[in-house]
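Residue numbers (my numbering): 203 to 325.
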Amino acid sequence: MILSEKIIIDANVVTKTPSSRWYENDREDFHKGVYDCERHELDLGDLTDDELANDVFLFGNSKPAICEILAGTAKMPIVYLTAAKERIRWLSRQNNNLSERVAELEDKLASLTSSTNTAENKS
């Protein structure tokens, strides 16, 4: 087997990455309740996801002057990195909640469809 074939074979074996391993393994969220809030309540919650991503990219590895920090015109990089970490965790839990809701609605739809088909077959 040549290297390019091995890469293709390995690429075909890749499976999905879960949003969180604790959720995938049916374990309790060790941050339980911390992220039960609205997006705007998070660190830098006034920024959209795209704005936060841009700010992390632009300022997450910068070293602002102390006078800029004191003047309020700049933030330390850890502020952006922490906000991004919190946002990712929050989004992950939102995704899990929505996945559960979709599964519930799919079950209800299947049940309704089954009931409708049974009623139609009887008539």
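Heads up, the beta-carbon is just placed ideally off N, CA and C, and yes, glycines get one too.
Q. What's the gap between the Cα of GLY262 and the Cα of LYS287?
A. Residue numbering aside, residue 262 sits at position 60 when the sequence shown is read from its first letter. Residue numbering aside, residue 287 sits at position 85 when the sequence shown is read from its first letter. Cα to Cα, GLY262 sits roughly 12 angstroms from LYS287.
Q: Compute the beta-carbon to beta-carbon distance between LYS277 and ILE268, rounded to the nearest angstrom, for a pair I have assumed lies under 8 angstroms.
A: Translated into the one-based positions of the sequence shown, residue 277 becomes position 75. Translated into the one-based positions of the sequence shown, residue 268 becomes position 66. About 12 angstroms; that fails the 8 angstroms criterion.
Q: Work out the CA separation of GLU306 and LEU300 for me, nearest whole Å.
A: Numbered from 1 along the sequence shown, position 98 holds the residue referred to as residue 300. Numbered from 1 along the sequence shown, position 104 holds the residue referred to as residue 306. So the alpha carbons of these two residues sit roughly 10 angstroms apart.
Q: Taking 7 angstroms as the cut-off, decide whether the C-beta atoms of TYR282 and ASP251 are in contact.
A: The residue labelled residue 282 in the question sits at position 80 within the sequence shown. The residue labelled residue 251 in the question sits at position 49 within the sequence shown. No.
Q. CB-CB under 6 angstroms to PRO266, same chain, minus the five flanking residues each way: which ones, in chain order?
A. On the sequence shown, position 64 is the one that residue 266 refers to. If we look at PRO266 and ignore the five residues flanking it on each side, its Cβ neighbours are ALA276.
Q.
One question on the structure: do ASP248 and ALA285 come within less than 7 angstroms of each other, judged by their Cβ atoms?
A. The sequence position of residue 248 within the sequence shown is 46, counting from 1. The sequence position of residue 285 within the sequence shown is 83, counting from 1. No, they are not a contact pair.
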